[in-house]
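Structure first, then comments.
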Amino acid sequence: MKNVFERALASALMELLSSCDSAPEWSVAEMLALLEHPPDAALGDYAFPCFQLARFFRKAPPAIAAELAEQWGNSDVSAHGVEQVQATGPYLNFTISPGVLADAILPAIAKGHSFDAPQVAARERVMIEFSQPNTHKGFHVGHLRNVALGDALCRIFRYNGYEVVGANYIGDVGTHIAKCLWYYESFNQDPPPEQQRGAWLGELYTKATLLLEDAPVEQRKTYQQEVREILKKLEGGDPKLDATWQETRQWSLDDFAEIYEWLGVHFDCVFFESEVDDEGKEIVLQGEQDGVFQLSEGAIGIDLEEELGFFLLLKSDGTTLYSTKDLALAKHKFDQFGIDRSIYVVGAEQTLHFKQVFATLRRMGYEQAELCHHLPYALVMLPEGKMSSRAGNVILFSQLRQKIMDSLRTQHFQARKGEWPDEEIEETCRKVAVAALKYGMLAQDPAKQIVFSMEDWLKTEGDTGTYLVYAYVRICSIVRQLGIEPSADADCSLLCHPNEKALSRRLLDFNRAVWSAGEQFKPSLLAHALYGLARDFSRAYTTCSVKHAKTEALQHARLLLFHGVAETLKQGLHLLGITPPERL
RNA sequence: GGGACUGUAGCUCAACUGGAUAGAGCAGGUGACUUCUAAUCACCAGGUUGUGGGUUCAAUUCCCGCCAGUCCCGCCA
24 MKNVFERALA SALMELLSSC DSAPEWSVAE MLALLEHPPD AALGDYAFPC FQLARFFRKA
84 PPAIAAELAE QWGNSDVSAH GVEQVQATGP YLNFTISPGV LADAILPAIA KGHSFDAPQV
144 AARERVMIEF SQPNTHKGFH VGHLRNVALG DALCRIFRYN GYEVVGANYI GDVGTHIAKC
204 LWYYESFNQD PPPEQQRGAW LGELYTKATL LLEDAPVEQR KTYQQEVREI LKKLEGGDPK
264 LDATWQETRQ WSLDDFAEIY EWLGVHFDCV FFESEVDDEG KEIVLQGEQD GVFQLSEGAI
324 GIDLEEELGF FLLLKSDGTT LYSTKDLALA KHKFDQFGID RSIYVVGAEQ TLHFKQVFAT
384 LRRMGYEQAE LCHHLPYALV MLPEGKMSSR AGNVILFSQL RQKIMDSLRT QHFQARKGEW
444 PDEEIEETCR KVAVAALKYG MLAQDPAKQI VFSMEDWLKT EGDTGTYLVY AYVRICSIVR
504 QLGIEPSADA DCSLLCHPNE KALSRRLLDF NRAVWSAGEQ FKPSLLAHAL YGLARDFSRA
564 YTTCSVKHAK TEALQHARLL LFHGVAETLK QGLHLLGITP PERL
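Have a look at this one:
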C-alpha cells in the first residue's frame, strides 16, 4: 500500500537513475521498497538510501547522494509535491510541501470517502474464532484480552475488505463442569445469588478443585470417582442432571451476554462444545475403524510422528477431549460456512495442540487444514504467576470493571453531577472504561505477556485509551464552540506549521496502519498509530489554535485539519472496538 | 531431556520488518491553567538493546551457542 507521493517519487527516481550510465535497470517496485522515512521530520518526509548503489557506481554512498541531489536540480525530473531534495550523508531526502500533503488527504476525509476499504484481490471469507469462555467458570481479565483481540481483528479485517464471520465457541461440557456440578449437588448449601450467577458457579468450581486437591488420598479417590460418574452421566444424557446442567449453563450464558453487551462485542455465530461433542466422538470412532486413528492403551489417537508426537483424540473411558471436539468443529466451519480461511484466537500455550489438530485434519483428508491458522497470544499474568480458575487466584472481569468505573466516577465526573443527566455520566464512564480496558489489552504486541497490576489499569494519563478519547473530545469541543461546519474547500496550503504537517502525514498513513495491523494480526500497530496521532494533535492544539487563528482562511483550514483528525481517531478507535464520547 | 515464545531506560512498552543520533508513557526534576477542557503541553535526567560469536557497507532486527523468565511435550482445557 503506497501513497501518491511514494509512487511519484519512485518513478522519478527510476527516471533519474536510468539517465546514469553505470546504473542497472531498476523497477518502480524496487524503488518503492527502498523508500523510507527519515528519523526526524526536519530532514524530510521520504528518504532514499544510497548504499546499494555504491557497488554499481563504485563510489561512497554520501558522494552518490550528493550527486543525485545535484542531478535532480539540473534535470527536469520532478515528483508530485516535492519542494526540496537534499543529500544528507548517504541519504537522498525529499520534503513534500505541507499544503500539497494536506490537500491529498483532508478534503477526502471531509467528503467521507477516505475510509473506503482497500480492495482485496479475491475478497476472502474469513472466520475468526475468539473468546471461547467456559461456562461454570469465572470470566477473568485474561478472557478480556482474547475478546479485545478477536473483536478488533474482526473489525480490522472487515475494514480491509475481507468478509468476516466472527465466531464464539463456548465450552459448556467437560470435566470442569462435572466438578462444578458435583460440588453444587453434594456440598453447596448456599442459594444462588440474584446477580452474576455465572461468576458464582466459578467460585463453586474453585471450591470443588480445592476440596479435591486437599482431600486425603482415599477420600480423593472416592471424590474423583464421583466426578467421573457425573461426567459420564452428563455425556449419557441423564435427565435429572441434564436439567441442572441446562439451568446452570444458562446462568453463565447470561453473564457472558451481559459482558459482551457492555463491551460492545457481537458474534456472527456461536458454537457450543455440547453441539460437536457427539459428532466428534463419531468422527474419532469412524477414523479408528478406517485405520486413520489407532487404539492405544484403551484410548484412541493418531501418531503424527517427529515433533508432533502422538495426539490423543478420545479417552479410554470413551469420554471426549478438546481435540475430539475440535475435529468436528473444524468440519462444521468448512462445510456449513463456506469459509476460505479459519483463524483461531487462542492462548499460546495451545500452539502444539493446534499444530496437532491441523495435522490430524490433513491426515483425514481435509485440504482446508492448510487454511487454518492459530493466532497465539500470551497470557495475562499476575505478579505472583499464572492466573488459574482452578486455584481461584484470578482477577475477574467484573472486579476490574467495577474498580475502573468507581475510579472514573470519583476522580473525573464528580463535578458533572447535577450538570449532566445521570444517564449520560454513567454512559460516558462506560465508554471511557471500555476505551481504557480495550486499549490496555490491544496496545501491546499479542506475543508478549501482560503482567496485571490494578493501578496500571486505573491510570487515565499518558499512553492510555483515555488519552485517545480525550483528544477526540477536545476536537468535538472546538467544532461545537466555533459553530462552523468544516469545509472541504478550505485552503490546505495554509497548513504549513510543522505540527500541522505532522498531522497531515499521520492521516495520510492511516489506511496503511490498518492494513498492516490486519495482515500481521497485530491490532497493536493500529493502537500505536492512533496514539501517535493523538499526541501530535495535542502538540498542535497548543501551537495552532483554531479559535485564535490569524486569519479566517487559516481558521477554516485548521478546522478542516482537526476535523480530519477527529474522524480518523473515531474510525481508528472504532476498529479497536472503542466508541469515544462526544464530551467529557 | 526435546520444543515454542519472550528478554530494549528504575518500571511498562515502541522502533515503519536490515538503515541516519534506539523512541514513548509511568515514576523523578523544572516550567505553563483570566487561554479552543491541565484526563493536556514544553523542557531536564535516564541505554554496552540478557550474553558470546557469525553474516552484512550497515544488526534491537537475520543465523548459531549460552543464560534467564513463561509455557507445552497421551487420558486437563
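Each residue of the first sequence is one higher than the one before, counting from 24 in our numbering. Glycine residues also receive a C-beta, built at the ideal position from the N, C-alpha and C atoms. Source: prediction; values computed, not measured.
- With a 10 Å radius around the Cβ and a threshold of 16 neighbouring Cβ atoms, residue 36 comes out buried.
- Cβ contact annotation for residue 64 (same chain, cutoff 7 Å, sequence separation greater than five): 521 and 525, in chain order.
- Within the DSSP bridge table, the entry for residue 397 names 367 as partners.
- Excluding the 5 residues flanking it on each side, residue 481 has same chain C-beta neighbours closer than 6 Å at 430, in chain order.
- Contact between the segment 286-293 and the segment 177-190 is present: three or more C-beta pairs spanning the two stretches fall below 8 Å.
- With distances taken between CA atoms, residue 208 lies nearest to 227 out of 195, 374 and 227.
- Taking all protein chains shown into account, residue 41 has fewer than 16 neighbouring C-beta atoms within 10 Å of its C-beta and is therefore exposed.
- About 23 Å separates the Cβ atoms of residue 368 and residue 336, ruling out a contact at the 8 Å cut-off.
- Note on geometry: alpha-carbon atoms of residue 519 and residue 484 lie some 29 Å from one another.
- Going by DSSP, residue 362 is part of no beta strand (DSSP E) at all; its letter is neither H nor E.
- Note on residue 446: under 16 other CB atoms within 10 angstroms of its CB, so exposed under the neighbour-count rule.
- In the DSSP assignment, residue 562 falls within the unbroken alpha helix (DSSP H) covering 546-566.
- Within the same chain, Cβ atoms closer than 8 Å to the Cβ of residue 26 are found at 127, 531, 532 and 535, the five residues on either side in sequence being excluded.
- If you draw a 10 Å sphere on the C-beta of residue 87, you find 16 or more other C-beta atoms in it, and that means buried.
- Counting only runs of 3+ residues, the beta strand (DSSP E) found wholly inside the segment 54-96 occupies 69-72, in chain order.
- In this structure residue 428 is in contact with residue 456, their Cβ atoms being roughly 6 Å apart against a cut-off of 8 Å.
- Residue 541: member of the alpha helix (DSSP H) spanning 521-542, first to last residue.
- DSSP, read as helix, strand or coil, puts residue 49 in coil.
- Per DSSP, reduced to three states, the secondary structure at residue 326 is strand.
- Residue nearest to residue 599 within the set 553, 567 and 572 is 553 (criterion: CA-CA distance).
- Annotation for residue 336: the continuous beta strand (DSSP E) segment containing it runs 333-337.
- A contact between stretches requires three or more CB pairs, one per stretch, nearer than 8 Å, and the segment 574-587 fails this requirement with the segment 459-477.
- For residue 477, the enclosing alpha helix (DSSP H) has its first and last residue at 477-480.
- In the structure shown, residue 292 adopts extended strand secondary structure according to DSSP, grouped into three states.
- Within the same chain, no residue comes within 6 Å of residue 239 by CB-CB distance, once the 5 residues on both sides are set aside.
- Rounded to whole angstroms, residue 556 and residue 406 show a C-alpha spacing of 32 Å.
- Taking C-alpha positions only, residue 66 is separated from residue 181 by approximately 36 Å.
- In the structure shown, the three-state DSSP call for residue 117 is strand.
- Linking residue 312 to residue 259 through their CA atoms gives a straight-line distance of about 22 Å.
- In the structure shown, residue 343 falls within a strand segment according to DSSP collapsed to helix, strand and coil.
- In this chain, the alpha helix (DSSP H) harbouring residue 181 covers 164-182.
- Between residue 115 and residue 529, the alpha-carbon positions lie close to 22 Å from each other.
- Separation of residue 423 and residue 171 (C-alpha to C-alpha, rounded to the nearest whole angstrom) is 15 Å.
- A distance below 8 Å separates the beta carbons of residue 593 and residue 603.
- Just measuring C-alpha positions, the residue of 271, 183 and 572 sitting nearest residue 139 is 183.
- The segment 249-269 and the segment 198-215 touch, with three or more beta-carbon pairs separated by less than 8 Å.
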